[in-house]
Amino acid sequence: MSRAIKHLLIGGLIIMTIAVPTASTANDLKLTIVNPQTLYDPSPNGYSTAVIAPRGARVAYISGQGGQDSTGALSPDFAIQVKQAYANLRAALEGVGARPDQVAKLTVFVVDHDMSKLDVLTRNVKDMFGEALPAQTLVPVPKLAIDPMLFEVEATIILE
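Counting from 18, one number per residue, gives the positions in the sequence shown under the numbering used here.
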């Protein structure tokens with residue numbers, strides 16, 4: 018039986034007491050970025066090896082954001098789609114009351130990925146996240162949900 022839940026039986030009545038966490042400050046909920054010295058330093062490439070979420074934090078998930086503008090139009094240019102996708106991600110973060118430094122993990126999907134696209138990806142991640150680089154996985158794919166889509170980014174966020 019969990020230490021957080023205690024049952025007390027009194028005359029056939031069960032009373033449950035549930036431990037409620039105390040209020041946390043913003044400093045208690047800060048993500049911890051981990052880049053072990055025994056591994057390759059990924060920060061120049063725009064990501065961190067691992068990110069630790071604080072105890073008691075709430076988690077939010079943002080669906081994949083593509084490069085569509087507010088009308089749904091997609092540029093055929095990869096760099097423009099990536100920039101717009103990160104602008105869309107920022108708007109989604111604001112929608113859940115979060116900031117970029119609360120993003121723990123990104124997963125990016127790149128159509129027909131090759132090394133020439135890494136500079137565009139790294140520049141956009143660093144522009145959005147600065148030094149608070151989230152953990153990240155890049156998944157090369159043959160296509161996305163809509164044929165003209167070349168890029169998509171989804172995020173896991175730790176809310177305060």
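Even for Gly, the Cβ is constructed at its ideal location relative to N, Cα and C. This structure is a prediction, so every number in the text was calculated from the model and none was measured.
{"Asked": "Option nearest residue 110 by Cα separation, candidates 79, 89, 140, 166", "Found": "79"}
{"Asked": "Reference residue 82, options 53, 55, 162, closest by Cα", "Found": "162"}
{"Asked": "Residue range of the unbroken beta strand (DSSP E) whose run includes residue 160", "Found": "It is not in any beta strand (DSSP E) - residue 160 carries neither H nor E in the DSSP assignment."}
{"Asked": "Contact under 8 Å by Cβ, residue 166 with residue 91", "Found": "yes"}
{"Asked": "Residue 139 (DSSP reduced to helix, strand or coil)", "Found": "helix"}
{"Asked": "Of the residues 62, 47, 66, the one placed nearest residue 55, counting alpha carbons only", "Found": "66"}
{"Asked": "Nearest-angstrom beta carbon gap, residue 152 and residue 68 [assumed within contact, 8 Å]", "Found": "5 Å"}
{"Asked": "Presumed contact (8 Å Cβ cut-off) between residue 143 and residue 63, rounded CB distance", "Found": "5 Å"}
{"Asked": "Start and end residues, alpha helix (DSSP H) containing residue 57", "Found": "First-last for residue 57: undefined, no H or E at that position."}
{"Asked": "Extent of the continuous alpha helix (DSSP H) to which residue 96 belongs", "Found": "95-112"}
{"Asked": "Residue 177: first and last residue of the uninterrupted beta strand (DSSP E) it sits in", "Found": "No beta strand (DSSP E) holds residue 177; DSSP gives it neither H nor E."}
{"Asked": "CB of residue 170 within 8 Å of CB of residue 120, strictly", "Found": "no"}
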